[in-house]
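Structure first, commentary second.
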Amino acid sequence: MSFAHLHVHTEFSLLDGSNKIKEYVSRVKELGMNSAAITDHGVMYGVIDFYREAKKQGINPILGCEVYVAPNSRFDREITGGDDRYYHLVLLAENEEGYANLTKIVSKGFVEGYYYKPRVDKELLRKYHKGIIALSACLAGEVARFLTKGLYEEAKKTALEYQEIFGEGNFFLELQDHGIPEQGLVNQQLFKMSKETGIELVATNDIHYTYAEDAKPHDILLCIQTGKKLSDENRMRYDGGQYYVKSEEEMLRLFPYAKQALENTQKIADRCHVEIEFGVTKLPKYDVPDGYTSWEYLQKLCYEGLEKRYGDPSEELKDRLSYELETIHQMGYVDYFLIVWDFIKYAKDHGISVGPGRGSAAGSIVSYCLEITTIDPIRYQLLFERFLNPERVSMPDIDVDFCYERRQEVIDYVTRKYGKDCVAQIVTFGTLAARGVIRDVGRVMDLPYAYVDSISKMIPQELGITIDKALKMNPDLKKLYDTDETVTNLIDMAKRLEGLPRHCSMHAAGVVICQKPVDEYVPLSRAADGTITTQLL
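Next up, the structure:
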């Protein structure tokens with residue numbers, strides 16, 4: 001095999017990509033390829049899902065992002081002409097250092113450069129270029145933009161600047177052909193530029209959906225994104241139906257004159273190997289009073305709490321506490337308990353209502369003595385091992401409920417204590433669920449509202465329901481689907497889009513506290529209200 005897809009938008013290019021990760025990886029494998037990339041627009045939301053799925057299916061995952069590059073500084077907020085507000089650039093992580101740098105670049109695009117899109121700039125690229133391979137991107141790339149304007153020398157100067165930023169052999173001129181006339185003109189100029197500069201070419205397909213037949217449902221998805229109908233004349237669209245996962249043979253037919261550019265995709269793929277470590281806890285440290293270690297301080301708090309809870313505790317109670325503490329110490333969760341104890345104490349000291357504790361944490365006498373929970377595990381004969389078991393290494397899961405009206409005060413306290421850079425709220429994704437996606441597709445197809453509403457209401461209101469499940473459960477819906485062509489088309493289109501992420505927002509309660517700045521571990525995003533969140537759920 002001598003071809004790999006390096007320019008790929010998945011479902012996490014929200015409402016722009018309908019390329020579902022599982023299907024995409026399966027398709028790549030089916031076509032006999034050994035590597036595949038993810039390069040969503042400005043984000044890394046899907047990299048971990050993609051990494052896991054690719055590894056599971058024996059495909060080498062190439063982790064990347066198609067970033068938006070500001071024409072000048074990422075801090076500039078002046079409105080420049082529409083198309084020149086930012087340029088596209090594809091970045092691929094070659095190794096772990098590259099992945100860490102990509103995480104930094106993408107995070108800072110949101111935290112420092114957000115203006116219509118999460119923008120980076122050449123200063124950031126210079127600072128975090130190590131371990132990254134860059135491609136000049138599509139017609140929206142800076143080099144291609146100059147070429148479409150007939151500014152060859154400016155395009156060439158830009159290409160040489162990118163080569164200087166990333167280093168020789170780490171920047172490639174990207175050829176694409178989706179049947180757009182401008183691409184043919186740009187490709188000719190890129191060939192000339194490659195000969196003059198020595199910068200190598202790479203041929204890609206700008207993937208937005210998995211199969212050729214997905215062009216129509218993808219067109220509907222774009223209408224959902226832009227609030228348009230299929231019948232609208234002036235709307236965003238990807239004409240030509242060429243934005244799918246093509247085989248090596250199809251790419252050869254498309255680029256018979258650029259075999260080296262096709263082979264370069266595999267050469268790049270073979271260079272890209274990132275190993276992500278899972279299952280290793282990286283807990284922040286709790287700042288204990290002078291004269292104590294974390295372990296000593298936790299024991300002190302627990303034995304004081306034992307007396308407060310039980311008066312004159314029996315040897316049996318002391319043994320249970322000692323056993324739990326030793327297990328916590330052995331498993332490395334001492335600071336975790338201190339951190340949870342501290343913010344719950346802050347809430348209670350400030351009159352913020354805190355729940356009694358839910359789930360398996362109620363089985364811990366340590367939790368009870370620290371007043372993390374208010375349920376006596378001894379009285380109710382609750383098992384500690386359901387909560388924490390040395391033979392099953394997993395993070396302790398303490399569910400804490402705060403009064404929703406004052407929950408933000410607790411988050412603000414944690415942010416002050418551990419540092420703004422070390423605390424972030426968690427992202428969450430809304431999806432195109434069964435009922436909603438039928439309504440969305442019906443609107444885009446300009447079907448009568450009452451008609452579409454009646455069909456969507458035939459989907460049972462059940463947790464985790466899918467259109468396929470509904471067709472099995474509701475004979476009336478199945479009959480309509482089998483006999484009414486309009487319903488068949490509506491449901492078929494809805495099924496291809498069902499489950500796609502629709503939007504991202506801030507998780508109501510999930511907060512990450514880190515020992516180092518959060519973007520040392522995960523990429524950051526910005527919620528609609530400006531709050532910084534993680535990009536990973």
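Numbering (our numbering), first residue to last: 1 to 537.
Cβ atoms here follow ideal geometry from the backbone N, Cα and C, with glycine treated the same way.
- Item | Cβ pair Glu161, Ser136 closer than 7 Å | On the sequence shown, residue 161 is found 161 positions in, with the first residue counted as 1. On the sequence shown, residue 136 is found 136 positions in, with the first residue counted as 1. No, they are not a contact pair.
- Message: Just to confirm, is the Cβ distance from Gln225 to Thr204 under 7 Å?
- Response: Residue 225 sits at position 225 when you count from the first residue of the sequence shown. Residue 204 sits at position 204 when you count from the first residue of the sequence shown. Not closer than 7 Å, so no.
- Determine the closest residue to Thr428 out of Val444, Phe402, Lys122, Leu536, with distance taken between C-alpha atoms. As a working mapping, residue 428 is identified with position 428 in the sequence shown. Comparing Cα positions, the closest option is Leu536.
- From Gly64 to Val90, what does the alpha carbon distance come to, in whole angstroms? Within the sequence shown, the letter at position 64 stands for residue 64. Within the sequence shown, the letter at position 90 stands for residue 90. The alpha-carbon atoms of Gly64 and Val90 are separated by roughly 7 Å.
- Of all the alpha helix (DSSP H) runs that stay within the bounds of the segment 254–328, which reach a length of 4 or more residues? 259–271, 294–310
- Query: Who does Pro501 pair with in a DSSP beta bridge?
  - Reply: Numbered from 1 along the sequence shown, position 501 holds the residue referred to as residue 501. Per DSSP, Thr431.
- Query: Given 8 Å as the limit, is there contact between the segment 110–124 and the segment 141–155, that is, 3 or more CB pairs closer than that?
  - Reply: no
- Message: Considering only DSSP beta bridges, list what His5 is partnered with.
- Response: Stepping through the sequence shown from its first residue, residue 5 is reached at position 5. Answer by DSSP bridge pairing, in chain order: Ala36.
- Message: Measuring straight from C-alpha to C-alpha, what distance separates His503 and Arg309?
- Response: Numbered from 1 along the sequence shown, position 503 holds the residue referred to as residue 503. Numbered from 1 along the sequence shown, position 309 holds the residue referred to as residue 309. Roughly 47 Å between the two C-alpha positions.
- Message: Quick check: the Cα distance between Thr534 and Gly113, rounded to an integer number of angstroms?
- Response: The residue given as residue 534 occupies position 534 in the sequence shown. The residue given as residue 113 occupies position 113 in the sequence shown. Answer to the nearest angstrom: the Cα atoms are 16 Å apart.
- Name the one or two DSSP bridge partners that Gly141 has. If you number the sequence shown from 1, residue 141 lands on position 141. Looking at the DSSP assignment, Gly141 forms a beta bridge with His88.
- Message: Please identify the residue among Val441, Phe50, Asp401, Lys457 whose C-alpha is closest to the C-alpha of Pro217.
- Response: In the sequence shown, residue 217 corresponds to position 217, counting from 1. Comparing Cα-Cα distances from Pro217 to each of Val441, Phe50, Asp401, Lys457, the minimum goes to Val441.
- Rounded to whole angstroms, what's the CA-CA distance from Ile491 to Lys345? Just pull it up for me. One-based indexing of the sequence shown puts residue 491 at position 491. One-based indexing of the sequence shown puts residue 345 at position 345. Rounded to the nearest whole angstrom, the C-alpha separation of Ile491 and Lys345 is 52 Å.
- Message: Counting C-beta neighbours from all protein chains within 10 Å, is the total for Lys108 16 or more, i.e. buried, or is it exposed?
- Response: By one-based count along the sequence shown, residue 108 stands at place 108. By the neighbour-count rule (16 or more Cβ atoms within 10 Å), Lys108 is buried.
- Out of curiosity, what's the CA-to-CA distance linking Lys259 and Arg253? As a working note, residue 259 is residue 259 in the sequence shown. As a working note, residue 253 is residue 253 in the sequence shown. Those two C-alpha atoms are separated by around 10 Å.
- Query: With a CB to CB cut of under 6 Å and the five nearest residues on each side skipped, what residues in its chain are close to Arg77?
  - Reply: If you number the sequence shown from 1, residue 77 lands on position 77. For Arg77, where only same-chain residues beyond five positions count, the Cβ hits under 6 Å are Tyr115.
- Message: Using a Cβ-Cβ cutoff of less than 6 Å, which residues in the same chain neighbour Thr374 once the five nearest sequence positions on both sides are dropped?
- Response: Residue numbering aside, residue 374 sits at position 374 when the sequence shown is read from its first letter. Excluding residues within five positions, the ones whose Cβ falls inside 6 Å are Pro356.
- Would you kindly work out how many angstroms separate the C-alpha atoms of Val8 and Pro181, rounded to a whole number? Locating residue 8 in the sequence shown gives position 8, counting from the first residue. Locating residue 181 in the sequence shown gives position 181, counting from the first residue. Roughly 22 Å separates the two Cα atoms.
- Message: How far does the beta strand (DSSP E) with Asn60 in it extend, from its first residue to its last?
- Response: Taking the first residue of the sequence shown as 1, we reach residue 60 at position 60. Per DSSP, Asn60 belongs to the beta strand (DSSP E) from 60–69.
- Item | Residue interval of the alpha helix (DSSP H) (run including Phe387) | Taking the first residue of the sequence shown as 1, we reach residue 387 at position 387. It is not in any alpha helix (DSSP H) - Phe387 carries neither H nor E in the DSSP assignment.
- Query: Under a Cβ-count criterion, where at least 16 other Cβ atoms within 10 Å of its own Cβ denotes burial, should Pro289 be classed as buried or exposed?
  - Reply: To locate residue 289, count along the sequence shown from 1; it is residue 289. Exposed, because fewer than 16 other Cβ atoms sit within 10 Å of the Cβ of Pro289.
- Pull up the distance between the alpha-carbon of Phe387 and that of Glu316, whole angstroms please. Walking along the sequence shown from the start, residue 387 turns up at place 387. Walking along the sequence shown from the start, residue 316 turns up at place 316. Looking at the two C-alpha atoms, the distance is approximately 20 Å.
- Query: Rounded to a whole number of angstroms, what is the C-alpha to C-alpha distance between Leu102 and Tyr380?
  - Reply: For the purposes of this step, residue 102 is taken as residue 102 along the sequence shown, with counting starting at 1. For the purposes of this step, residue 380 is taken as residue 380 along the sequence shown, with counting starting at 1. Roughly 50 Å between the two C-alpha positions.
- Message: Since Leu432 and Leu497 should fall inside the 8 Å C-beta cutoff, what is the C-beta to C-beta distance between them, to a whole number of angstroms?
- Response: Walking along the sequence shown from the start, residue 432 turns up at place 432. Walking along the sequence shown from the start, residue 497 turns up at place 497. The pair is a contact, with the Cβ atoms about 5 Å apart (cut-off 8 Å).
- Item | Integer Cβ distance of Met445 from Leu230, believed to fall under 8 Å | Along the sequence shown, one-based indexing puts residue 445 at 445. Along the sequence shown, one-based indexing puts residue 230 at 230. About 6 Å separates the two Cβ atoms, so the contact holds.
- Specify the secondary structure class of Lys130 as computed by DSSP and reduced to three states. On the sequence shown, residue 130 is found 130 positions in, with the first residue counted as 1. Residue state, collapsed to three classes: coil.
- Message: On the CB-based measure, 16 or more other CB atoms within 10 Å of its CB, does Phe278 come out buried or exposed?
- Response: Here residue 278 refers to the residue found at position 278 of the sequence shown. When all chains shown are included, Phe278 counts as exposed.
- Message: Starting from Thr103, trace the alpha helix (DSSP H) in both directions and tell me its first and last residue.
- Response: As a first step, residue 103 is located in the sequence shown; it is residue number 103 there, counting from the start. Where Thr103 is concerned, the enclosing alpha helix (DSSP H) stretches over 96–111.
- Message: Looking at the strands, I want to know which residues DSSP matches up with Ser525.
- Response: By 1-based counting over the sequence shown, the position of residue 525 is 525. BP columns for Ser525 point to Thr533.
- Task: Helix, strand or coil for Leu190, going by three-state DSSP, please let me know.
- Result: Counting from 1 along the sequence shown, the entry for residue 190 is found at position 190. Reduced to three states, the DSSP call for Leu190 is helix.
- Query: Do you know offhand how far Asp214's Cα is from Tyr451's?
  - Reply: Stepping through the sequence shown from its first residue, residue 214 is reached at position 214. Stepping through the sequence shown from its first residue, residue 451 is reached at position 451. Their backbone Cα atoms lie some 25 Å apart in a straight line.
- What residue ranges within the segment 404–457 form continuous alpha helix (DSSP H) runs of no fewer than 4 residues, ordered along the chain? Listed in chain order, they are 407–418, 434–444, 449–456.
- Let me know if Gly305 comes out buried or exposed under the rule of 16 or more other beta-carbons within 10 Å of its beta-carbon. Stepping through the sequence shown from its first residue, residue 305 is reached at position 305. Under this definition Gly305 is a buried residue.
- From the DSSP output, which residues share a beta bridge with Glu174? Position 174 of the sequence shown, counted from the first residue, corresponds to residue 174. Looking at the DSSP assignment, Glu174 forms a beta bridge with Val202.
- Evaluate the contact criterion for the segment 230–249 versus the segment 508–518: three or more CB pairs, one atom per stretch, below 8 Å. no
- Query: So the beta strand (DSSP E) Lys229 belongs to, where does it begin and stop?
  - Reply: To locate residue 229, count along the sequence shown from 1; it is residue 229. Unbroken run through Lys229: none, as it is neither H nor E.
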